[in-house]
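No gaps in the numbering here: position 135 of the sequence shown is 135 in the numbering used here, and each next residue is one more.
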Amino acid sequence: MSEAKPKKAKTEGRVALITGITGQDGSYLAELLIEKGYKVHGIIRRSSSFNTGRIEHLFANPLTHAQKNMVLHYGDLTDSTCLIKIITEVKPDEVYNLGAMSHVKVSFDMAEYTGNVDGLGTLRLLDALRTAGLGDTVRFYQASTSELYGKVHEIPQTETTPFHPRSPYGVAKMYGYWIVVNYREAYGMHCNNGILFNHESPRRGETFVTRKITRAVAKISLGLQEEVVLGNLDAKRDWGHARDYVEMMWLMLQQDTPDDYVIATNEAHSVREFVELAFGEIGVTIVWEGEGVNEVGKDKETGKVRVRVSEKFYRPAEVDFLLGNPEKAERQLGWKPKISLNDLVKEMVKADIDLMSHNPRA
Ligand SMILES: C[C@H]1O[C@H](OP(=O)(O)OP(=O)(O)OC[C@H]2O[C@@H](n3cnc4c(=O)[nH]c(N)nc43)[C@H](O)[C@@H]2O)[C@@H](O)[C@@H](O)C1=O
């Protein structure tokens, strides 16, 4: 096992290709790489409405020179021909595979599609790199996930904890994980898995639980909404900040030896605790009454119901408790999460209040 310390990388003029650049992680990563002097290429899927909101500021800000340092290409992880075409043209030094159908609950409804994009899509990208003659030079980052552990076999989870995925998403990502390991072992490619535990931010998609809660809290504080309906309040997650985590993606690719790393905070909290923290930001204390789908969270002061539970948001198979031990990343990459859960919640609630104050329909 390599004990390499992060090297001071010469990054000016390097070329990175990011799949999933329009998502939360893609947008933070693009910012980071542009700041380091990279030319960033991103693959975006065609959509009938605009989907580049999270990276628009990178085009708009003349001070960052982002416009000439960022290029977007239409493409898709299900389309090998276009992947080969883009990669042959771009000739990336580093590839970050962040593109995925990333919603665990939706993956039960779109299992085949999820397998195709998240599993086979990873294979297509790796093969496109080899077809373009870049197999020996490129450095590859795969967005692996704590959902691989699912029904956990040990607590906390490390790089050696056995996998037991609990959703079509987790299963598809397991294929992605192993094909990355396989291409590293079979062809000597510089392929790395970042096993990221949940990571959030004001840019988190609106249907993930943290953002759903902070949006609701913002709307409730502005009188735009009365209550929020959630699923399993007892699920526990190890929540970090996405901005912290993308730094680690980059660090992994600066190592001489490719490897797999758990990226987590080593702290777990329940959805219920997240709700309490978020409401705390607007001065509301939540008290809980009832059980299961009859449970409600009430404002302690006014008695108004602010949280309800619905089976609609339960999953056919739940991941109850995730807790990651990032000791290896700390030791080998010199990485430590900087942003606490309290600060994360504060930032998310504030950002959503700002957003809703300007645009109540957001
Ligand atoms: C690392 C991993 O992280 C994410 O996956 P996730 O953990 O499923 O994230 P989530 O925010 O959808 O759910 C967290 C927990 O919260 C519970 N929960 C309760 N009530 C609601 C609810 O109303 N909505 C949602 N979405 N969840 C709810 C839900 O049952 C689950 O136990 C993805 O980025 C994924 O791509 C990834 O890789």
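Where is the CB? At the ideal position from N, CA and C, for every residue including glycine.
C-beta contact flag for residue i and residue j at 8 Å
i      : j      : result
Phe321 : Ala264 : no
His73  : Ile86  : yes
Gly176 : Thr122 : yes
Pro168 : Phe108 : yes
Leu333 : Leu253 : no
Asn193 : Ser146 : no
Arg308 : Val229 : yes
Arg184 : Asp234 : no
Leu29  : Met249 : yes
Leu98  : Gly23  : yes
Lys328 : Glu159 : yes
Leu126 : Phe140 : yes
Gly26  : Gly37  : no
Val349 : Ala218 : yes
Arg46  : Ser80  : no
Val275 : Gly292 : no
Thr78  : Val106 : no
Val15  : Gln157 : no
Asn342 : Leu277 : yes
Selected residue, minimal CA-CA separation from residue i, among the options
i      : options                        : result
Thr161 : Pro326, Asp343, Gly334, Lys350 : Pro326
Ile55  : Val180, Gly240, Ala362, Gln67  : Gln67
Gly240 : Ile213, Val345, Gln254, Val95  : Val345
Thr131 : Arg139, Leu83, Glu226          : Leu83
Asp93  : Arg215, Gly223, Val307, Val40  : Val40
Ile44  : Val152, Gly20, Glu12, Leu29    : Gly20
Leu33  : Gly75, Thr78, Ser47, Tyr96     : Tyr96
Asp244 : Pro337, Ser49, Glu159          : Pro337
Glu12  : Glu31, Leu29, Glu35            : Glu35
Val319 : Arg211, Pro165, Lys219         : Pro165
Thr214 : Gly280, Asp260, Tyr149, Pro316 : Gly280
Tyr149 : Leu196, Leu29, Thr137, Leu134  : Leu196
Thr137 : Glu295, Lys91, Ser27           : Lys91
Ile353 : Arg139, Tyr113, Leu222, Gly42  : Leu222
Glu247 : Leu224, Glu301, Ile339, His153 : Ile339
Pro360 : Phe274, Ala216, Glu330         : Ala216
Arg306 : Leu224, Lys105, Lys10          : Leu224
Thr302 : Gly133, Glu226, Met356, Gly290 : Glu226
Ala351 : Arg211, Gly188, Glu311, Gly290 : Arg211
Trp335 : Ile18, Asn294, Glu154, Gln255  : Gln255
Ala366 : Pro258, Leu129, Glu112         : Because the chain in this structure spans residues 1 to 362, residue 366 falls outside the shown range and cannot be described.
Leu17  : Met70, His57, Ser48, Asp299    : Met70
Thr257 : Arg315, Cys191, Leu277         : Cys191
Met356 : Phe59, Ala100, Ile220, Lys10   : Ile220
Trp178 : His153, Lys151, Gln142, Ile155 : Gln142
Ile155 : Ala128, Asp238, Ala100, Asn51  : Asp238
Arg331 : Asp260, Thr114, Lys10          : Asp260
Ser310 : Asn294, Asn51, Asp76           : Asn294
Ile282 : Arg315, Phe50, Glu347, Ala128  : Glu347
Beta-bridge pairing of residue i - partner residues as DSSP gives them
i      : result
Trp288 : Gly297
Asp136 : None; Asp136 has no bridge partner.
Lys236 : Ser270, Phe321
Cys191 : Phe140
Lys39  : Val15
Met70  : Val40
Ile263 : Leu196
Leu230 : Val309
Val95  : Leu17, Phe140
His241 : Glu200
Gln157 : Gly324
Thr145 : Leu196
Cβ distance (whole Å) where residue i is taken to contact residue j below 8 Å
i      : j      : result
Leu323 : Asn266 : 7 Å
Lys236 : Ser270 : 5 Å
Gly133 : Met189 : Wrong, their Cβ atoms sit about 12 Å apart, outside the cutoff.
Glu89  : Leu58  : Not a contact, Cβ separation roughly 21 Å.
CB contact below 8 Å: residue i versus chain C
i      : result
Glu226 : In the structure shown, chain C does not exist; there is a single protein chain.
Answer yes if the segment 197-205 comes into contact with the segment 281-292, meaning at least three C-beta pairs across the two stretches below 8 Å, and no otherwise.
no
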